[in-house]
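**Q** My questions will all concern the structure given below.
Numbering (the numbering used here), first residue to last: 1094 to 1531.
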């Protein structure tokens, strides 16, 4: 370990205590991986970096002190929540300090229409606290135990986004962020001023506390249906998005994907599956839609656990279950557009073994198109074919900031003048590499 790192470790122990920082290899390795093995393209490039130090602040204020110390010693800083991101955003590509915020999980305040919490608080904990006050968060990630800081820094939408859109559309009311300066403190930003810090992986400022919007609590039901064919399930995806009150989540899979999901009597084998989180007032109309399409309602369940279980079968999760059932076989691409319903056979034919996991959204459905993996070039070659079909796509096999990257880079010129924040994730000059890399 070089002298700046030794000096930083000493200073951090003074701030966080001996249990709040580690240079042990096991801790460093654990803090240097995330869920990026979901992408075979990224998996082929692993390992992408190894932390030299790991720090665990327990408050937003401690996080600011740790960042200030790292900046003074010229050590790169990679922020980390629960490490549930899938594309390498939390991997310390330049070594240095991993700032693990998962222990800074205080829920500071629950008010009328808002909740404030430190970055490490899980969305599940925020939802439970909101529920006790007769409210609910507008949306939460499909991995509900993800931290609010990680969700805001790396997410885009989730359970609840059919009604509320993406993270940058009114979800975050205010943030406390830390800039990479020698005298770093909490910088409070509100409304539109908070939006530039969302979905940039901490490259222009680390979110250490957040205030997000709440709404009145609804009476949710977990709704399970099955169909003889995937096409029958597709027929109800857009009508389900238009149910009133708006569903919190609607997901559907063909039988091969559904068979890979956790065993559940409401997800019968060898049938296409639809799972939804519905307001109790819309269950009757949802039942009518399913039966009119030739499907069966398998179960309707009450309670928060039913909703959380359905969330854990949405977005990327069916792909994870598919990969568990068939190791070293599948990859996926994020897709969107009406062609997912109207031209499903052509969409699935873009990749060998193509299978679509679909989600309802307002305006157009979205989904995860799985295929049998051969090479990265073959993955990329499919993008043009998707575009020709009118399918929007997002490449999930890279870790660069791709939401307004130019704006993020301009902001970082002021907030991270030395390029120390999560280096390797924002396209600009690299930071100094420190410590032992592999």
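Don't be surprised by glycine CBs; every beta carbon is placed ideally from N, CA and C.
Just to confirm, are residue 1412 and residue 1461 a CB contact at a threshold of 8 Å?
**A** Yes; because the gap between Cβ atoms is below 8 Å, this pair is in contact.
**Q** As a quick exercise: from 1485, 1425, 1520 and 1504, pick the residue whose alpha carbon is nearest that of residue 1135.
**A** Closest option to residue 1135, Cα to Cα, is 1425.
**Q** Quick one: give me the first and last residue of the beta strand (DSSP E) that residue 1306 is part of.
**A** Unbroken beta strand (DSSP E) run through residue 1306: 1299-1309.
**Q** Determine the closest residue to residue 1117 out of 1218, 1158, 1191 and 1183, with distance taken between C-alpha atoms.
**A** Selected option, being the one with the closest Cα: 1191.
**Q** Report the residue from 1518, 1519, 1517 and 1513 whose alpha carbon sits nearest the alpha carbon of residue 1167.
**A** That would be 1513, whose Cα lies nearest to the Cα of residue 1167.
**Q** Using CA coordinates, which residue listed in 1253, 1440, 1471 and 1386 is at the minimum distance from residue 1479?
**A** Out of 1253, 1440, 1471 and 1386, 1440 has the C-alpha closest to the C-alpha of residue 1479.
**Q** Measuring alpha carbon to alpha carbon, tell me which residue in 1463, 1179 and 1434 is nearest residue 1325.
**A** When each option's Cα is compared against that of residue 1325, the closest is 1434.
**Q** Looking at the unbroken beta strand (DSSP E) that takes in residue 1492, where does it start and where does it end?
**A** Per DSSP, residue 1492 belongs to no beta strand (DSSP E) and is neither H nor E.
**Q** On a CA-only basis, which of 1284, 1283, 1241 and 1211 is nearest residue 1302? Give me that one, please.
**A** Considering only alpha carbons, the answer is 1211.
**Q** Using 8 Å as the limit for Cβ to Cβ distance, is residue 1198 near chain D?
**A** Reference to chain D is not applicable here, since this structure consists of a single protein chain.
**Q** Determine, using beta carbons only, whether residue 1266 and residue 1291 come nearer to each other than 8 Å.
**A** Result no, Cβ atoms of residue 1266 and residue 1291 do not sit closer than 8 Å.
**Q** Under 8 Å between the Cβ atoms of residue 1239 and residue 1174?
**A** Contact: yes.
**Q** Quick test of your reading: residue 1451 and residue 1458, contact by CB under 8 Å. State the CB separation rounded to the nearest angstrom.
**A** The Cβ separation is near 5 Å, so the contact holds.
**Q** Could you give the distance in angstroms between the alpha-carbon of residue 1473 and the alpha-carbon of residue 1486?
**A** Cα-Cα distance, rounded: 11 Å.
**Q** Which term fits residue 1358, buried or exposed, when burial requires 16 or more other beta carbons within 10 angstroms of its beta carbon?
**A** With fewer than 16 other Cβ atoms within 10 Å, it is exposed.
**Q** Using CA atoms only, rank isn't needed, just tell me which of 1126, 1466, 1145 and 1268 is closest to residue 1101.
**A** Checked all of 1126, 1466, 1145 and 1268; the closest Cα to residue 1101 is 1145.
**Q** Between which residues of its own chain and residue 1106 is the CB-CB distance below 8 Å, once the five residues before and five after are set aside?
**A** Contacts found: 1113 and 1114.
**Q** So what's residue 1484 in DSSP terms, helix, strand or just coil?
**A** Three-state DSSP puts residue 1484 in coil, outside helix and strand.
**Q** Rounding to the nearest angstrom, what Cα-Cα distance links residue 1181 and residue 1417 in this structure?
**A** Between residue 1181 and residue 1417, the C-alpha separation is close to 20 Å.
**Q** From the DSSP output, in three-state form, read off residue 1319 for me.
**A** In the structure shown, residue 1319 sits in a strand (DSSP, three-state: E or B).
**Q** Quick check on residue 1270: buried or exposed, where buried means 16 or more other Cβ atoms within 10 Å of its Cβ?
**A** When all chains shown are included, residue 1270 counts as buried.
**Q** Kindly list the residues whose CB is nearer than 7 Å to the CB of residue 1455, restricted to its own chain and excluding five residues on each side of it in sequence; keep chain order.
**A** Excluding residues within five positions, the ones whose Cβ falls inside 7 Å are 1255 and 1334.
**Q** Along the chain, where does the alpha helix (DSSP H) that runs through residue 1097 open and close?
**A** Counting along the chain, the alpha helix (DSSP H) containing residue 1097 begins and ends at 1096-1109.
**Q** Suppose contacts are defined by Cβ-Cβ distances below 8 Å. Is residue 1307 in contact with residue 1201 by that definition?
**A** Cβ distance not < 8 Å, so residue 1307 and residue 1201 don't count as in contact.
**Q** Whose C-beta lies closer than 6 Å to the C-beta of residue 1515 among residues of the same chain, with five residues either side of it excluded?
**A** So the qualifying residues of the chain are 1171, 1294, 1295 and 1296.
**Q** Just mark residue 1531 as buried or exposed, buried being the case when its beta carbon has 16 or more other beta carbons within 10 Å.
**A** Reliability fails at residue 1531, whose pLDDT of 23 lies under 50, so the model's placement of it is uncertain and no value is given.
**Q** Which two residues bound the contiguous alpha helix (DSSP H) that contains residue 1435?
**A** That run of the alpha helix (DSSP H) goes 1432-1435.
**Q** With distances taken Cα to Cα, identify the nearest neighbour of residue 1104 among 1397, 1148 and 1349.
**A** That would be 1148, whose Cα lies nearest to the Cα of residue 1104.
**Q** Taking just the CA atoms, how far does residue 1377 sit from residue 1386?
**A** Whole-angstrom Cα-Cα distance: 14 Å.
**Q** Grab me the residues of residue 1391's own chain with a C-beta within less than 8 Å of its C-beta, minus the 5 sequence neighbours each way, in chain order.
**A** Cβ neighbours of residue 1391 beyond the five flanking positions: 1317, 1318, 1319, 1358, 1359, 1360 and 1361.
**Q** Measuring CB to CB, does residue 1262 end up less than 8 Å from residue 1199?
**A** Not closer than 8 Å, so no.
**Q** Please state the DSSP three-state secondary structure of residue 1424.
**A** Strand, per DSSP.
**Q** Leaving aside the five residues before and after residue 1250 along the sequence, list all residues of the same chain whose C-beta is less than 6 Å from its C-beta, in chain order.
**A** Result list for residue 1250: 1259, in chain order.
**Q** Just to confirm before moving on: does the CB-CB distance between residue 1490 and residue 1132 stay below 8 Å?
**A** A contact, by the Cβ cut-off of 8 Å.
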